Amino acid sequence: MRYFVWALRLLVFVAVLMFALKNTDPVAVKFYADYVIQDVPLIVVMLATFVLGTLFGLLLTVPAAMRRRREAMRLRRELERLQAAADGKQPVVAPEAIAPMSPL
Numbered sequence: 098m099r100y101f102v103w104a105l106r107l108l109v110f111v112a113v114l115m116f117a118l119k120n121t122d123p124v125a126v127k128f129y130a131d132y133v134i135q136d137v138p139l140i141v142v143m144l145a146t147f148v149l150g151t152l153f154g155l156l157l158t159v160p161a162a163m164r165r166r167r168e169a170m171r172l173r174r175e176l177e178r179l180q181a182a183a184d185g186k187q188p189v190v191a192p193e194a195i196a197p198m199s200p201l
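All you need for our numbering is the position in the sequence shown, starting with 1, plus 97.
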């Protein structure tokens with residue numbers, strides 16, 4: 098399976114490389130307020146767009162990752178509390194008795 102994944106990655110890389118090498122013509126990049134950059138290779142524009150899209154996509158995953166990390170820490174603390182209670186060091190108290198669960 099590992100070799101299949103690497104072969105697939107190599108195939109995608111070669112396809113993207115061939116596409117990029119065929120699109121090296123200079124283009125004019127137009128921004129707002131009539132700001133124009135002339136004769137930029139299309140491959141540079143495509144690479145910049147890909148990098149910006151990747152960065153925005155990663156930024157969108159940050160809140161979910163932080164939420165999962167907080168939940169994992171809460172579950173670890175709960176596990177430690179239950180293990181300590183099982184050893185007889187601390188009485189078992191339901192989390193709802195300490196802080197009632199919200200309806201959301």
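From the three backbone atoms N, C-alpha and C, an ideal C-beta is built for every residue, glycine too. As the structure is a computational prediction, the values presented were derived from the model and not from experiment.
{"Item": "For Ala-169, the first and last residue of its enclosing alpha helix (DSSP H)", "Value": "139-183"}
{"Item": "Span of the beta strand (DSSP E) around Ala-125", "Value": "123-127"}
{"Item": "Cut-off 6 Å between Cβ atoms - residues of its own chain near Ile-134, not counting five sequence neighbours on either side", "Value": "Val-126"}
{"Item": "From Phe-128, Thr-121, Met-115 and Thr-146, residue whose alpha carbon lies closest to that of Leu-139", "Value": "Thr-121"}
{"Item": "Beta-ladder partner(s) of Val-133, from DSSP", "Value": "Lys-127"}
{"Item": "Check whether Val-142 and Val-113 have beta carbons under 8 Å apart", "Value": "no"}
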